[in-house]
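K.L.:
The sequence shown runs 10 to 274 under the working numbering. Glycine included, each C-beta is placed from N, C-alpha and C at the ideal position. None of the values given here were measured: they were computed from a predicted structure.
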Amino acid sequence: MITSTSGSQVKGVIALRKKARERNARSLFVVEGPKMLFEAPPERVEKVYVSESFLKRYGNELSLRALPVETVSDSVLSAMSDTQTPQGAICLVKQYQYTAEDLLGGGQRAPLCMILENLQDPGNLGTIVRTAEGAGVTGILMSRDCVDIYNPKVIRSTMGSVYRMPFCYADDLHAVIREWKKKGVRVYAAHLKGELYHTGIDCCGPSAFLIGNEGNGLREDTAELADCLIRIPMEGKVESLNAAVASAVLMYEALRQRMARRSGD
Numbered sequence: 010m011i012t013s014t015s016g017s018q019v020k021g022v023i024a025l026r027k028k029a030r031e032r033n034a035r036s037l038f039v040v041e042g043p044k045m046l047f048e049a050p051p052e053r054v055e056k057v058y059v060s061e062s063f064l065k066r067y068g069n070e071l072s073l074r075a076l077p078v079e080t081v082s083d084s085v086l087s088a089m090s091d092t093q094t095p096q097g098a099i100c101l102v103k104q105y106q107y108t109a110e111d112l113l114g115g116g117q118r119a120p121l122c123m124i125l126e127n128l129q130d131p132g133n134l135g136t137i138v139r140t141a142e143g144a145g146v147t148g149i150l151m152s153r154d155c156v157d158i159y160n161p162k163v164i165r166s167t168m169g170s171v172y173r174m175p176f177c178y179a180d181d182l183h184a185v186i187r188e189w190k191k192k193g194v195r196v197y198a199a200h201l202k203g204e205l206y207h208t209g210i211d212c213c214g215p216s217a218f219l220i221g222n223e224g225n226g227l228r229e230d231t232a233e234l235a236d237c238l239i240r241i242p243m244e245g246k247v248e249s250l251n252a253a254v255a256s257a258v259l260m261y262e263a264l265r266q267r268m269a270r271r272s273g274d
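(1) Which runs of the alpha helix (DSSP H) spanning at least 4 residues fall entirely within the stretch 62 to 105, listed in chain order?
(2) For aspartate 180, count the other beta carbons within 10 Å of its own beta carbon; 16 or more makes it buried, fewer makes it exposed. Which is it?
(3) So threonine 12 and serine 60 are in contact, right, with Cβ under 8 Å, and what is the actual spacing, rounded?
(4) What's the call for arginine 165, buried or exposed, on a 16-neighbour Cβ count within 10 Å?
(5) Entirely within the stretch 149 to 191 and at least 3 residues each: give me those beta strand (DSSP E) ranges in chain order.
(6) Identify every residue that forms a DSSP beta bridge with alanine 217.
(7) Taking DSSP as the reference, what is the three-state secondary structure of arginine 267?
(8) Helix, strand or coil: how does DSSP classify asparagine 133 here?
(9) Does the separation of the CB atoms of arginine 187 and proline 215 fall below 8 Å?
(10) Have a look at the DSSP bridge pairing and note the partners of lysine 56.
(11) Please name the residue, chosen from Lys192, Ser36, Gly114, Met243, that lies closest to valine 146 on a Cα-to-Cα basis.
(12) On the three-state DSSP scale, how would you describe isoleucine 23?
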């Protein structure tokens with residue numbers, strides 16, 4: 010059992026938790042708690058660190074999954090954790106490697122993608138990933154200046170959807186958008202100057218929604234790549250919605266249309 014915080018393993022976990030550069034160099038990310046641990050694909054689990062109390066409660070399940078487990082003291086687990094009230098388990102998971110092509114869903118259904126530009130809030134990104142899974146989105150494309158999806162705060166907000174929702178960062182976001190448009194993907198940009206309400210577009214075919222930075226919205230040259238600018242109706246003095254909320258409204262409108270289309274077939 011590890012009882013000291015000065016060891017290389019403990020320092021390594023803390024570095025992974027705090028530094029995106031370290032996560033990328035080692036191609037690993039950190040998840041915490043029983044839900045995130047037991048939803049992780051076993052083949053992607055690099056190492057698991059658990060407290061003695063966690064081991065007593067979940068030891069059989071850990072054994073059945075044949076996971077590589079190391080026991081640590083409560084004080085060490087607390088030092089390794091990103092939360093004020095650790096849940097007894099920390100897991101190192103191998104990063105995913107998707108391509109922009111993977112996000113289109115492989116032809117099994119019409120692509121439905123989210124395109125995020127310069128999104129900075131970890132909670133927003135994590136919520137979008139989680140909501141995207143629920144809404145049937147095929148993939149999430151992000152500009153390189155978006156927040157790191159493997160940031161522990163993002164990971165917690167995904168509630169496990171990070172394991173199942175394809176995503177990738179684009180070095181040249183505009184180039185990928187243009188390529189997708191050549192493949193028949195219709196791109197809608199959420200914008201204050203939207204020409205149509207989000208309910209007035211057809212999302213049943215290959216579609217993608219563009220969402221911009223929380224404070225500044227989309228860059229103009231990015232918005233210009235869209236086939237159509239759309240907006241969500243607003244009453245009162247509200248000009249715009251939180252990025253995650255706006256994304257949810259758009260994704261679920263697309264799901265509503267697609268479900269209505271399927272039920273009518």
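P.N.:
This is what the structure gives:
(1) Counting only runs of 4 or more residues that sit fully inside the stretch 62 to 105, the alpha helix (DSSP H) segments are 83 to 89, in chain order.
(2) Counting C-beta atoms within 10 angstroms of its own C-beta, aspartate 180 has fewer than 16 neighbours from the protein chains shown and is therefore classed as exposed.
(3) Incorrect: roughly 12 Å between the Cβ atoms, too far for contact.
(4) Label assigned to arginine 165: buried.
(5) Within the stretch 149 to 191, complete beta strand (DSSP E) segments of at least 3 residues are found at 176 to 179, given in chain order.
(6) Partner residues in the beta bridge of alanine 217, as assigned by DSSP, are Cys122, Val196.
(7) Helix, per DSSP.
(8) Here asparagine 133 carries a helix assignment [DSSP, helix/strand/coil].
(9) Going by C-beta atoms, arginine 187 is not nearer than 8 Å to proline 215.
(10) Lysine 56 pairs with Leu101.
(11) Taking only the C-alpha atoms, the option nearest valine 146 is Gly114.
(12) In this structure, isoleucine 23 counts as helix in the three-state DSSP scheme.
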